[in-house]
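Enquirer: Count along the sequence shown starting at 1, add 2, and that's the number in this note's numbering. Glycine included, every Cβ here is placed at the ideal spot set by N, Cα and C. Sharing a structure below in C-alpha cells format, with a few things to ask.
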Amino acid sequence: IILDEPTNNLGVAETQGVLSFVRNARDSGHSCIFIAHNIHHVFQVVDRIVVMRRGKVVADDIDPKQTTVADVERIITGMSDKDIRDALAAGTQPQG
3 IILDEPTNNL
13 GVAETQGVLS
23 FVRNARDSGH
33 SCIFIAHNIH
43 HVFQVVDRIV
53 VMRRGKVVAD
63 DIDPKQTTVA
73 DVERIITGMS
83 DKDIRDALAA
93 GTQPQG
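So this is what it looks like as C-alpha cells:
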C-alpha cells in the first residue's frame, strides 16, 4: 500500500482513522509506504524510516524505536542543533 501525504488536510478524528488503518495493515503483514511531512505521524505507524532530501536517499533503515524525532529532523535538514539554533536566533528559517 502506498500512501502519499494521507493525513494532509484531515481533521483529528479522520487523521487518527488513517493512522489506525495503516497500523492495522502493517500489523496484518501488508507492506506500506507512508510518505509524509508530519514526522510525528511517521513515528506512529512505521517500522523503518527512509529520509530523502532533494530527490536522494540520505538515510536508510532508521528504526523509529531506536531514535528520536529530533534526530530524524537533523537528518532531514542536514543541519546540526547549533546550526538550527543559530538560524532561529537570527530570525531566519533554517535551510537544509
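1) Specify, as a first and last residue, the run of the alpha helix (DSSP H) that Asp29 falls within.
2) Could you give the uninterrupted runs of the alpha helix (DSSP H) lying entirely in the stretch 49-85, keeping only those of 4 residues or more?
3) Should Glu7 and Ala38 be called a contact, given that it needs their Cβ atoms to be closer than 7 Å?
4) Using CA coordinates, which residue listed in Ile41, Asp73, Ile78, Leu12 is at the minimum distance from Val53?
5) Using DSSP bridges, identify the partner residues of Phe36.
6) Short of 6 Å in beta carbon distance, which residues of its chain neighbour Arg28, apart from the five on each side in sequence? Order them along the chain.
7) Relative to the C-alpha of Lys58, which candidate in Gly80, Arg50, His43, Ser22 has its C-alpha closest?
Expert: Looking at the coordinates:
1) 14-29
2) 71-79
3) yes
4) Ile78
5) Leu5
6) Cys34
7) Gly80
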